[in-house]
Structure formats: structure tokens, C-alpha cells
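For the protein sequence lines, the chains are A and B, in the order given.
Using my numbering, you'd call the opening residue of the first sequence number 1372 and step up by one each time.
Using my numbering, you'd call the opening residue of the second sequence number 1372 and step up by one each time.
Here the structure comes first, spelled out in C-alpha cells, and everything after it is commentary.
Number of protein chains: 2
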Amino acid sequence: MTNPKLKIVPLGGLGEVGKNMMAYEYDNQILVVDAGLMFPDNDMIGVDYIIPDFEYLYDKSHNIAGIIITHGHEDHIGALQHVLSRIPAPVYGTQLTLGLVEVKLARNGMASKADLRPVQAGQTLQVGPFKVEFFHVCHSIPDAVGLGITTGAGLVVHTGDFKFDHTPVDNWPTDYAKLAEFSARGVDLLLSDSTNAERPGWTPSEKVIGPALEKVIAEAPGRVIIATFASLISRMQQTADAAVKQHRKLAFAGMSMVDNAKMARRLGYLLVPDETLVSLDIALNLPPEQVVIMCTGSQGEPSSIIGRLSAGTNRQFDLLPNDTVVLSSHPIPGNEEPVSKTINKMLRRGANVIYDSIAPIHVSGHASQEEQKLMLNLVRPRYFMPIHGELRQLRRHAGLAEEMGMSRQNIILAENGQTVELSNGEIRLGERIPGGYVFVEGSAIGDADPDVMREREQLARSGIFIVNLSVDKYSNRLLDDPEIITRGFVPSDEAEALIQLVRKRVTDVIHGGGLSMQKEIMDVVKTLIFNETRRRPMVFVTVTKA
Amino acid sequence: MTNPKLKIVPLGGLGEVGKNMMAYEYDNQILVVDAGLMFPDNDMIGVDYIIPDFEYLYDKSHNIAGIIITHGHEDHIGALQHVLSRIPAPVYGTQLTLGLVEVKLARNGMASKADLRPVQAGQTLQVGPFKVEFFHVCHSIPDAVGLGITTGAGLVVHTGDFKFDHTPVDNWPTDYAKLAEFSARGVDLLLSDSTNAERPGWTPSEKVIGPALEKVIAEAPGRVIIATFASLISRMQQTADAAVKQHRKLAFAGMSMVDNAKMARRLGYLLVPDETLVSLDIALNLPPEQVVIMCTGSQGEPSSIIGRLSAGTNRQFDLLPNDTVVLSSHPIPGNEEPVSKTINKMLRRGANVIYDSIAPIHVSGHASQEEQKLMLNLVRPRYFMPIHGELRQLRRHAGLAEEMGMSRQNIILAENGQTVELSNGEIRLGERIPGGYVFVEGSAIGDADPDVMREREQLARSGIFIVNLSVDKYSNRLLDDPEIITRGFVPSDEAEALIQLVRKRVTDVIHGGGLSMQKEIMDVVKTLIFNETRRRPMVFVTVTKA
């Protein structure tokens, strides 16, 4: 072994550390863990989603031994199509995880390019120099795993997203025994999920949702429309169970929901009797009180089925006054406003809307403080690095470890782009790599960058004001009235008066012979507009001399 | 009495009903209650704040008997300057409320135009045909009132923002006796605060904040910087008390905070010993462990002191590594993301940041479900109209009343713009008036309208692409290469190649003689851009013929 050093590289920009993608480097070989997307902040205008900038891996792509996906949620698989187009490495994951990956890749025409290799929790795999032990964890999706990663630098435990659910929907609790075994062996470093580090106590079990859903369905006078994420297979199972008990038919609506449900049924992760499952077409023709429909849109996305139902623009069906809509998710931070608007719009259309403050129809998939402490005490690592959280959550998680007696020197806080090195039983901060996120805009080829974002924000703030001048090249007099176009500036009635004013001023200035330079005319126009309106739209002046 | 009908008009658009402004009409006379602003939604780009559209009152301005302000928060006083410039009516409010109004009007040069008339809780006032009984309510600001409004149509109780705090900072609980007296007299209609209708239980007392603040200050190794709203006078009092106990000096930073504190001290609502209060200049030169600074910015506003401290752009002082920053407020819905970013930025600068999930340094000023039920049971109205909430909260509040045995027919749900009529002991929905919000952009004169917002969003989504052509009017040939300007579109390196492509295509098309119309060239450019980039920026083509 030339260099028994393990380098840990959380990829991405300021945001949740290592949530979407991490790299472990050892002996010039790299193990990538997860390849997910993030939803854009409200000020990232026009962006559909963002993915970690993994340029760091470009010139190392032939040293990448494998990509491990811990579970099938978008924030862990959503960047895989982009990663695979650059990095031709095998992808390891459990059966359901790879099922979800396959559905997603197929939709992007990438399925044939991927080398997908199924693994099972409990299995040990040698991937290059990394011995990877997969252990089962509970999360809001079945078949999620954490990783024990052994190299010459020691044993690292990477929890992935997890919670300690004693009564999970699939009856498969987090693998306490494996964690204890790691502990007995001696864990050098624990990387643990910090998402809920600000929540005291213990996250409720998924089991509480079942009776709540059943009660909603039992009491609903008409159709029940349940919205959640398309990858929340366990919520599908709970809805199916409740539908069966309440003698209703279940239909999935929307391509991603239908595809995922089909795949999960085929693989045996979703058990729905054939006589319960119907197509949406059939469901829409049944008496409303016999129907449950599952769809996406619980985050208030305008283009989702729920978004379109709330706006009255859904093609296949509309909201009916006796419909009961269940939003079975918490708003993702930043989505509170669109979710609230969607709720109000559906209420306005006469639907009954059930959301988390009304009934326990959603629980978090992440460990709260007491579970995070349990993880620390089960694993008893020498070093601890909180991951999967913004700095505020990492700090709280670090604080919990300190309260439990861990020394501050043994806790390492690193944000994305900050590498961490483990060697000879010691840990330290390594180099900073240039990181960040890449903005993805639908099927756009190029990717927007921060400069472009800034310009868009400026455009959005006060609109544009274009002045087009044609000037006689000899006399410097205008050949025509200045042509003026504005957008996003002031209402058209107000704009008209202002346009006259600008036209006159520009004409006066040019004919006064004072100015002829584009820049100078631009300044005159900007000053005039600001004095009249106190606004600063982007001003463009084009001058044609003829 | 020609028409013993009371008409209730909640002004504004879709949003919190009657929160910012309501009108009561009786016998052709109008009583306005509150004149506040709202903060814009995230998709209202470039807007500083929004106010209710009160056009309904324009042609009735001479029938407006008075404007009553229930308390001094921005969402109840912030539109007053705009209202008074149209409606020259007297403004009634308690001493502290009018103090805050005065500070605000003075800043906008409106102080001399306002006819401010102080009232006291407990007082009864005849304002035109309205007998108004002011009663004290607890809220997160002292000197807040609710109203009993008696006309020939009966007795209406309007709670304003309230909570039932048994141990308020100013030792002045909500006036239970007056509510009971109303009840004994017989209340026809109760309009009650629905803000927290989704919160079970009882809102904690303001008193819990005192010890929490004191603990933070006692344990802080350096300066303590406490951020809250400039109008939260009781938070100032609690901070001052904690500073005194911990032998620290207190300074207020920022114009609105300084002005409000000065006014509140002058009127006796804020008690700070002279030896405790120092100017910011002095505070910045004291040893850090002797200093508490209060400022604004708890909502993550970039232009506030906290916003600038988090970005490292504050002029007077910077964050120091030993600083403790306390964000003493909950994020207003929609502000979760900027608040979280601000917390992360300050942590990154080495400050310790205390926010609501860490310590009880903020409580709501609004009644939770048990208090809302208590209000209903104290007042025992014949009819109930939930106000101060979006439809989702109004529904929950209505649900509480139903659970308490109130008949659904006696509960009236009305959104802004929907008038409600009370006459002869009967209630019904009246006419709908055109409502909405008016967008205010800084000191801009005109106001942005929804069309302008839509254009801005479109500009922001994909940027702009301007093509300027100069064409020989005889030969229809280009006199020059097409001039092309883009903003917010694609990064400049990518744009260059595309611009060449567009230039060539446009030249080819024009010289091919196929097209000469502006619209047709625009279509060619749009198609080319979309095919190359899958984006749809706003395209402008200007043609000069010479």
C-alpha cells in the first residue's frame, strides 16, 4: 500500500452536505456514493433542478471503481443520467433502488448505457480497494441501505438517509446487529444523516400513517385523491392496504407514479390485489365513493396533477366538490408558499383537503435527535462527521455528539467541496475542491451559470426598455422616430406616456447635437426613466447609422 | 333609519382575510379598521410590499367616518400613508399604536397630513353611526385592542390580532370581563383571529422568552445581537430587562428600531434605565462581553442589518467569531429559505446563532386552537366569521366552532372581496367587490400590475435576445451585420457561437429575399434558438430601413 489515506469528498455547493453525492478515494481508486438532484431555490429562476458539479471526477473517470446508490429517492438517483454520460462506471444498488433507477434512465433513453448490478442488504462486496458491507436501514422507501466501507485507512460507516422505525411498513427494521458488529470491530469514522438534527425526540413510525389514511378514506363522501412523491413506495403500499380494507378501487395517475408502481409490483415491493388495482380511466367511471387515486403534486408543483387540479387545468379529470384530497408529505423547505396556495385553491374549488396539521398522513423518513444519539451510541465511532444537512443541522448534530461526551476534536464539520482525510487513525481537513451546483433547465443543452442567473434576476426586477434609433450618418439627425419596446416595466397605460417622454428627450438630445454616442444616449434614457419612475429597468440602445 | 343593514367588506386580494384592512358600512357611513401591508410572495419579483386595493373606498371617501388601527404592526399600519393620501379621515388608535404610526408617517413626509386621535382601551367612542368600544387584547405588541361595534344592525365583536396570555410582559391580560359583558348583552357576530387555527393547544406566554433571553446573554462569551421586528416593543422590553440583569449595555441599531424605541420610551411603553442604554457607536467600543445590540433582519431580508452582517457587507460593524446572534421571530410563511440561508452564512462566519428550534426565544402573538375556542365561548356570538387567515386557516377555525356545537349555517366563510351583510338578526353573503392587492416598489410612482409581473417572470425564465437590423429600403439588403444583444440567456461563451449562427441565418434569409417582415424574421430567430438550445427567450427584432 503506497498511501493508506482515505479521502472523503462531499460534492456539490452550499447546501446539504454529501446528500446528493460523495466520493471516497483510496489508492487512486474512487467509490462514488449516490448521484442525486436538488430542487432549485426560489431565486434560481427558470431552473428545473440542480445537480452537484462533479467536474472533480471528470479526469478521474477511469479510476472510478463503482457508483453505489443507497436508495431510490430523487435526491440520490436524480443526477445519475448526467453522471453516467461522463463516467462509465458500474452502478450498485438494491433491487428496488435499481428498479427506480431503471425507470428513470429509461425515460431519458439511457437505460441501455447503464451497467446496473443488484446487491442485497447484508451482502459484502469488494469494489476496487473498497470492501463495502451493505446494511439495511429504515427510511421512507423500502430497500434502503447504509454502508460499511473498509480500506487500509480503517472502517467508515456511512448511514445514508435513515430512521430507527420499530414498526416499519415492510416489517424490516434498521439492522441494529450489523451496527453493533461494526462497533465491536471498531469504527474509525461515522458519517450520519443530520436532516432532522433540529427535531427533538424520535420520529414517529410509518405505521401511524396507515390508520390515519384508512380513517380519511372511510369518512370520505366521494373520491379520495392522495398525493405524494412518485418514489414513496411504502406510502403506495399503505394506501393500497387502506383501499382494500375500505373496499375501494385504487388507480395511479401520472407517468412516474404508474411506472414506479408497476416496477415495484413486479419486483414484489408493492402488494396490491389485482381486483383492487384499476386504470385511471376505469376509476373515473366508477361511483366516486368507490375510488382512491394516487398521484404526484404534494409539493404544489404547478405542472403536477395536483397543481393542475387546483388550477382547473387537468385534462383527464377535474376536482369534484365531494373530493377529499390528501397531501401526504411535508413541504420541502422553500415550498411552503406554493403548497399553501395549492391548498387554498383546492378548498376554493370545494374539495376537502387533508394535510399534515390536520391528520398524521405523513411522517419524516429521517432520524430525530434521540435516534441520531442512538446511532452514535450503537456505532461508537472514533471520529464523527455529520452529513446530509445544511450547516445549521450539522452544527446541531455535532452538538448532540458533544453532549454525549464526544470530544470536539473528534467531530469534523465539513461543507461540500471541503475534503476530509483519514489516515493512520487520524482525521484532518484536506484540500478544498472547486464545487457548486450545475443548473439544469428542462431539456436545455447548455446549463445556466451564476452570471446568467444574475442577469435574469435583474431583468425580472424591473423589466427592459429598448430604444432603437436610426440616424443619418452625415447629418446625425434621426431618420425616424425612436422605436421603443418595453417589457415587464410598468403597466402599458403608464408606459405610453413615458415612452412619449423618452422619445421626445432622445430626439431633442440628438437634434441638439449634444450627443451621438450610444452610451451617452443610454445614460440620458436611464436618468429620465429613474427620475420619472424611480425604477431601473435594463436599458438597451441600438443605433443604426445610414 | 332607512336601512338598518351592516355591510362588512374585507379588502385585499387572495390572502389573509381582513388582516390588513376591513370596512364596516352602515347608513352610508364607513368605518375602516386597519390599513396594513403584506410582504410579497416569492413570485412577485421586484415588489417591495403589497397593500390592499382600496379602490372600493375612493368614491366614498367623504363618507368615511374614521379609520381605526387595532395595533402598531406593519401588517396593520403599513398602508396608512397610501390610504391617507386618498382618504382624509381621522385615525383612531391607542397611544403606542399612534406613536408607531407617527414614526412611520414622518419617514414618508406625511405626518402633518394625518389627523391622529388617541383612544384608550376601555373607552367608548361614537364614530358616525358606529358606537365603538375598545377593549384590550394581548398580542406581541403592547396596547393592542379589539373592537365592539354597535349599530342598528346589532353588536359585532372584532378581535383584531389577539392571544390569551395570562402572564404578558406588560402585565395587562386580554379583557375577559369586557368580552363577558358583550356576551351578556348578546353578540350578533364575532370576527376572530384565525392565524394559528392550525395549531393545537395554547400559545405559550411571552413570559417564557425572558428567562431564555437571559440565559443566552449570560452564557454568551462576546456580544449578543438580537434580531426581531422593529415594532416588537415587548421584545425590546424583555431584552432590556435581561441586559440589566446581566449587567450589559444595550444599543439599538437601524433607523426604524432606534426611532420606535425612542418613541416607546418617551410614551412609557419601554422602560430602559438611562445607564443601560447606549448608542451603537459607544457599544461598538465597549468590551464585547458587555454589549447587547438589537436590530432588524430576523426574516433574512438582505438589506437589513442581519442580512448585511451575514453577507459581510454591513458598514458600521462586522460579525466577530465570538458573537451570539439571536433570531427572535418565526420565519413568516415563504421566508423559510432566506432565513435558513442567513443562519448558515452567519454560522460560516463563526458566529453562534440561536433560533427558535434551539431555544424558546420567540412565541407567537396569536391565539392557538384552545384560545380560539375560549374566545368563542366567552363571546358566544350568534354568528361567527373567521378572519385573519388564508382559506385553510379560516376553514380550520370554522371547524373548531362546529366542533363546539355551532351550526354550520351560523358560520360564514368569506374571502377578501366578498362582502357580508348583517341585518334584522340575519347574516348573508353580499356582493363581491373587485379587490386585489396593489404592488408597491420602493418609491416607485406607478405600481406594477399582474401583466407586468407575468412579463417579468417570462424575462426571468429564459432571458432576452435582441436582433437589430438595418436594411436598405430599396434593395432590402442588410446595410450592416445584424447587431445582437442577449441577457440572462446562456453563458457568454456559449452565446457567442449561437449569435454567429443567428447572424448568418438572418443574413441568409434576408439576402435570399424570402422574408422582410419583422414578425417573420422573429419566427426564424425563435425557431433557430429553440432548436439549438431548447430555450425560449423573449426575442425582439428591430428593423431600420434606410
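The beta-carbon is built from N, C-alpha and C at its ideal position, and this holds for glycine as well.
query = Do Thr-1913 of chain B and Asn-1839 of chain A have their C-beta atoms within less than 8 Å of each other?
reply = yes
request  = For Leu-1718 of chain B, I'd like the list of residues in its chain whose CB is within less than 7 Å of its CB, leaving aside the five on either flank, ordered along the chain.
outcome  = Val-1724
task = Check whether the Cβ atoms of His-1733 of chain B and Ser-1699 of chain B sit closer than 8 Å, and answer yes or no.
result = yes
Whole-angstrom distance between Val-1663 of chain B and Asp-1689 of chain B, CA atom to CA atom = 14 Å
inquiry  = When you compare the CB of Pro-1704 of chain A with every CB in chain B, is at least one pair closer than 8 Å?
reply    = yes
query = So is Arg-1606 of chain B buried or exposed if we call it buried at 16+ other beta carbons inside 10 Å?
reply = buried
task = In the DSSP assignment, find the alpha helix (DSSP H) that holds Pro-1709 of chain A and state where it starts and stops.
result = 1707–1719
ask   = Considering only the beta carbon of each residue, do Lys-1841 of chain A and Leu-1850 of chain A sit closer than 8 Å?
value = According to the sequence provided, residue 1841 of chain A is Ser. The question's Lys does not apply to it. Contact flag set, yes.
query = Grouping DSSP H, G and I as helix and E and B as strand, with all else coil, what is Gln-1491 of chain B?
reply = coil
message = Which residues of the region 1753–1776 of chain A have a Cβ closer than 8 Å to any Cβ of chain B? Give them in chain order.
response = Glu-1761, Leu-1762, Arg-1763, Arg-1766 and Arg-1767
message = Buried or exposed, going by whether 16 or more other CB atoms sit within 10 Å of the CB of Ser-1814 of chain A?
response = Bear in mind that a pLDDT of 49 at Ser-1814 of chain A, under 50, signals an unreliable position, so the model cannot answer this.
key: Between the CA atoms of Trp-1543 of chain B and Leu-1487 of chain B - distance to the nearest angstrom   = 24 Å
query = Beta-carbon separation of Met-1392 of chain B and Leu-1385 of chain B under 8 Å?
reply = no
query = Which first and last residues belong to the alpha helix (DSSP H) in which Ala-1477 of chain B is found?
reply = 1466–1478
task = For Thr-1684 of chain B, count neighbouring C-beta atoms within 10 Å of its own C-beta (all shown protein chains included) and say buried if the count is 16 or more, exposed if not.
result = exposed
request  = Measure the beta-carbon distance from Val-1527 of chain A to Leu-1377 of chain A and round it to whole angstroms, keeping in mind my assumption that it falls under 8 Å.
outcome  = 7 Å
ask   = Going along the chain, which residues of its own chain have a beta-carbon closer than 6 Å to the beta-carbon of Lys-1916 of chain B, five neighbours each way excluded?
value = Val-1842 and Lys-1844
Per-residue burial, Pro-1571 of chain B [other beta carbons within 10 Å of its own, 16 or more giving buried] = exposed
Whole-Å CB distance - Arg-1594 of chain B paired with Pro-1659 of chain B, under 8 Å assumed = 4 Å
inquiry  = Looking only at its chain, what residues have a beta carbon closer than 7 Å to the beta carbon of Asp-1412 of chain A, apart from the 5 residues adjacent to it on each side?
reply    = Gly-1705
DSSP beta-bridge partners of Gln-1780 of chain B = In DSSP, Gln-1780 of chain B forms no bridge with anything.
task = Tell me whether Glu-1672 of chain A sits in a helix, a strand or coil according to DSSP, three-state version.
result = coil
query = Is the shortest distance between the beta-carbon of Glu-1672 of chain A and the beta-carbons of chain B less than 8 Å?
reply = no
query = If the cut is a Cβ gap below 7 Å, which residues of chain B does Thr-1574 of chain A touch?
reply = Residues of chain B passing the Cβ test: none, with the nearest at roughly 15 Å.
key: Alpha-carbon to alpha-carbon, Asn-1787 of chain A and Asn-1748 of chain A   = 26 Å
ask   = Mind pulling the chain B residues with CB within less than 9 Å of Ser-1711 of chain A?
value = Pro-1704, Gly-1705, Glu-1761 and Arg-1763
ask   = If you measure from the beta carbon of Pro-1659 of chain B to each beta carbon in chain A, is any gap under 8 Å?
value = no
message = By the three-class DSSP mapping on this structure, what secondary structure does Met-1481 of chain A have?
response = coil
key: Residue interval of the alpha helix (DSSP H) (run including Arg-1858 of chain A)   = Taken as a continuous stretch (DSSP letters only), Arg-1858 of chain A belongs to no alpha helix (DSSP H), being part of the beta strand (DSSP E) at 1854–1858.
key: Helix, strand or coil at Pro-1908 of chain B [DSSP, three-state]   = coil
ask   = Just how far apart, CA to CA, sit Arg-1751 of chain A and Leu-1550 of chain A?
value = 9 Å
inquiry  = Once the 5 residues before and after Glu-1761 of chain B are set aside, which same chain residues still bring their CB inside 7 Å of it?
reply    = Gly-1386 and Glu-1387
Chain-ordered neighbours of Ala-1850 of chain B on chain A, where CB pairs are closer than 8 Å = The amino acid occupying residue 1850 of chain B in the given sequence is Leu; Ala does not appear at that position. Near Leu-1850 of chain B (Cβ distances below 8 Å), the residues of chain A are Thr-1915 and Ala-1917.
ask   = So, is the C-beta of Arg-1478 of chain B closer than 8 Å to a C-beta in chain A?
value = no
request  = Count the other C-beta atoms from every protein chain shown that fall within 10 angstroms of the C-beta of Ser-1674 of chain B, then say buried if there are 16 or more, exposed otherwise.
outcome  = exposed
ask   = If we ignore side chains and look at the alpha-carbon of each, how far apart do Ala-1515 of chain A and Lys-1744 of chain A end up?
value = 20 Å
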